[in-house]
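Inspection log for the structure reproduced underneath, given as C-alpha cells.
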Amino acid sequence: MNKLKTRPAALLSVITLLLLCSNPVAAGLDQAVESFMAPITASLSAFVFYKLSLFGYQVPWIVLWLAVAASFFTLYLGFINIRGFALAFRLVRGDYHDVSAPGEISHFKAVATAVSGTVGVGNIGGVAVAIVIGGPGAAFWLIVAGFLSMSTKLVECTLGVKYRKHNPDGSVSGGPMYYLEHYLVKRGFPRLGKGLGKFYALALVIGCLGIGNMFQSNQAYVQFVTITGGEDSFFAERGWLFGLAIASLVGAVIIGGIRSIAAVAGKIVPLMAVLYACSALVIIAMSAQHIPAAINLIISSAFSVESATGGMVGAIIVGFQRALFSNEAGLGSAPIAHSAVQTDHPASEGFVSLLEPFIDTVVICTLSSLVIVVTAYPAGLMDQGLEGIALTSAAFEHHVSWAPYPLAIAALLFAFSTAIAWSYYGLKAWTYLFSEHPVSENLFKLMFCGFLALGCMIQLKAVLDFSDAMVFLISVPNILGLYFYAPEIKREINEFMARVKAGEIYNYRTEEGGDVPGTPD
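Numbering (mature numbering (1 follows the signal peptide of the UniProt record, and there is no 0)), first residue to last: -27 to -1, 1 to 494.
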C-alpha cells in the first residue's frame, strides 16, 4: 500500500478494477441504498433544514444561524471585510510571505485551494434558482450576504492556522476539529473536546463523499453528456467510463497531497474564473441596452414590499440562502485548506480568506445574476419553465448559439476543482479520526476516488441529501466555537494590523525590491 504514495498508476489501477466489478450491479445498488437511506435522510434533513416562520415566510433555521453569525462578526470586528481588503490583496500577492515559515503552501495557493472548493456548479445553476424563486431582488441580497460572510471566513481561518497541528514530516493538519478540541481541553473537558472534534470530523468525511464528491462528478457527467450529443452521446450509457476518467484525473492530483492539490488549484482556479467571467461579461455586453433597466429592477425588487416573488423579505431569504450555501462561510471546511499556509502569523491567513467569499459570491454569483436579469427577462426566457443551469445556459445561448460550450467547460472545471479541494478536507478529517500514517491516507484517497466514479454511474439522492445535511449540521458547533473565540480573534487581527502598519512585519516586496521566493506562481 505504501507504494501507492509514489505510484499514482497503482491507485488508478485499483479504481479501474473496482469500477469493472461494481458496474454490473450498479443498476440495483442505487435502489437498495435509496431504500435504506431515505428515512434516515428525511429525519436528519427535517431537523437541519427545519423552517421557522419569519414575517409570514418560512426560513430554514440553519440559514438564520449562519446569517446572524456573519452579521455579528462584521459588526464586532468593525467591518473588517472593508478595512482589511487591501491588506488581504497584498498578502495574497506575496508581500509578507516568508518561505522559511512553518507550513506547506503560499497564501495564494491556500486561497486558490479554498476557492476551488466553494466555486462549483451552484455558482451557475444555483443563482438561477434563487432568482426564479426570489425574483431579481435576490441578486442584491446575495451580494450583501457574500460581503458579510467575508468576516465569518476571516475568523474561522485565523483559528484554523493558530491551532493547527504540526506533524513530524513537516506537514500540517488544521480545522474546526482541532480548535474546538483545544477550547474544551484548556477548560478541563478533554473527553468532551475530543468527542466534539470526532463528531465534526466524521460528519465532514460523510459530507465530502457526497456534496464534495458524488454530486460534483454526477453534475460534471451530466454536463459532458449534454455538450456531446445528449441522449445520442457515446457517453450517455457509459457513466462508468466517464467516472473512470474523472477519478483518474482527481486521483493523479490528490495522491501528491496538499502541495499537488494547491499547485493544480493555483492554475485551474484563475483559468476557470477568467473563462466564466469573460464569457458572462460578453453576454452582458451584448445586452448592454438592458443593463440600466436590469440594475433598477434588481434594486427595486430588493426593497419592494409586495411582488409576485415575495417582495423584500422573500428576496432577502433566498439571496442569503444561496450566498451562504455557496461560499460555505461558517461550515469550517475552508480553514482546513488555509491551515496549510506558510506563516508565523495566524491572522495573516484570516485576512487572505476574506477574498474567498468575495470571489465566489460577490464576483462570480453576481455575474451569473446579471446574465440572467439582463438577458432572460427581456427575452422572455423566464416564462419557459427553465430552472437551474438550464436557465443560465439558455441566457448564454440567446446571444451566441455556441455559448453553452464554454459554460459547460467552466462547469466541468468547477466540479473537478471542487472535488480535489474536498478530497483534502475529507482526508484531514479522516486522519484526525484515525492516523496520519500513509496507509490510512491512501485508503481514504482510494475510497474517495471510488465514490467519485460511482457518482457517474448511479443516482443516490438520499445519500447526497444526507451528506448535505451533515455538512450544514456541523456549522452549529463551529459557529459556537467562533463566538467563544471572538475576543481572542479580535486581539489577534488588531495586533497583526498594527504590526503591519508599524513596519514590524517584514515586507519582502518593498524592502528587498521586487518579487521574492514564495510570491504566487
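Just so you know, even glycine gets a beta-carbon here, dropped at the ideal spot from N, CA and C. No experiment lies behind these values; they were computed from the predicted model shown.
In whole angstroms, what separates the C-alpha of residue i from that of residue j?
i      : j      : result
Val105 : Gly292 : 11 Å
Phe22  : Gly143 : 40 Å
Tyr479 : Tyr69  : 6 Å
Lys167 : Val247 : 42 Å
Phe239 : Ser252 : The question names Phe, but residue 239 is Gly in the sequence shown. Looking at the two C-alpha atoms, the distance is approximately 21 Å.
Ile290 : Trp403 : 34 Å
Val117 : Ala40  : 11 Å
Asn140 : Ser79  : 18 Å
Leu343 : Ala384 : 18 Å
Pro351 : Ser26  : 34 Å
Leu60  : Pro109 : 33 Å
Val84  : Leu175 : 24 Å
Gln189 : Leu427 : 11 Å
Ile256 : Tyr405 : 46 Å
Lys135 : Cys429 : 39 Å
Phe261 : Phe113 : Phe is not the amino acid found at residue 261; the sequence shown has Ala there. Approximately 19 Å between the Cα atoms of the pair.
Gly361 : Ala302 : 22 Å
Ile97  : Val336 : 12 Å
Ala275 : Thr339 : 14 Å
Gly224 : Val158 : 36 Å
Thr316 : Lys474 : 18 Å
Phe331 : Asn186 : 24 Å
Leu354 : Ala267 : 15 Å
Tyr481 : Arg63  : 11 Å
Ser44  : Ala392 : 30 Å
Ser341 : His410 : 43 Å
Secondary structure at residue i, three-state DSSP: helix, strand or coil?
i      : result
His139 : strand
Val145 : strand
Val314 : strand
Pro265 : helix
Val335 : helix
Ile116 : helix
Ile447 : coil
Ile478 : coil
Phe106 : Just to set this straight, residue 106 is Ile in the shown sequence, not Phe. Helix at Ile106.
Ile97  : coil
Ile431 : coil
Gln294 : helix
What span of residues does the alpha helix (DSSP H) with residue i cover, start to end?
i      : result
Leu416 : 411 to 427
Leu64  : 58 to 66
Leu175 : 163 to 182
Arg232 : 230 to 259
Asn191 : 188 to 200
Thr365 : 362 to 372
Glu322 : 319 to 326
Ser73  : Unbroken run through Ser73: none, as it is neither H nor E.
Leu217 : 212 to 227
Ser89  : 80 to 91
Report, in whole angstroms, the separation of the C-beta atoms of residue i and residue j, which I expect to be a contact under 8 Å.
i      : j      : result
Ser8   : Met245 : Incorrect: roughly 37 Å between the Cβ atoms, too far for contact.
Leu327 : Ala349 : At roughly 31 Å, the Cβ-Cβ gap does not stay under 8 Å, so Leu327 and Ala349 are not in contact.
Phe424 : Leu182 : 5 Å
Val198 : Ser206 : 5 Å
Leu115 : Ala103 : 7 Å
Lys462 : Trp38  : Rather than Lys, the amino acid found at residue 462 in this sequence is Ile. So it is not a contact: roughly 19 Å between Cβ atoms.
Ser18  : Asp356 : Actually they are not in contact, since the Cβ atoms of Ser18 and Asp356 sit about 31 Å apart, beyond 8 Å.
Val65  : Val242 : Rounded, the Cβ-Cβ distance is 12 Å, inconsistent with contact.
Just tell me which of the options has its CA closest to the CA of residue i.
i      : options                        : result
Pro460 : Val128, Glu301, Leu406, Ala112 : Val128
Thr91  : Ile452, Gly454, Pro308         : Pro308
Asp333 : Leu121, Ile227, Ile271         : Leu121
Ala381 : Ala209, Leu297, Asp356, Thr201 : Thr201
Tyr397 : Ser408, Gly29, Leu37, Val178   : Val178
Phe81  : His263, Ala236, Phe439, Phe369 : Ala236
Ser233 : Gln31, Ala310, Phe445          : Ala310
Mind checking which residues open and close the beta strand (DSSP E) that includes residue i?
i      : result
Tyr398 : Not the beta strand (DSSP E): Tyr398 falls in the alpha helix (DSSP H), residues 377 to 406.
Ser26  : 24 to 27
Pro33  : 30 to 33
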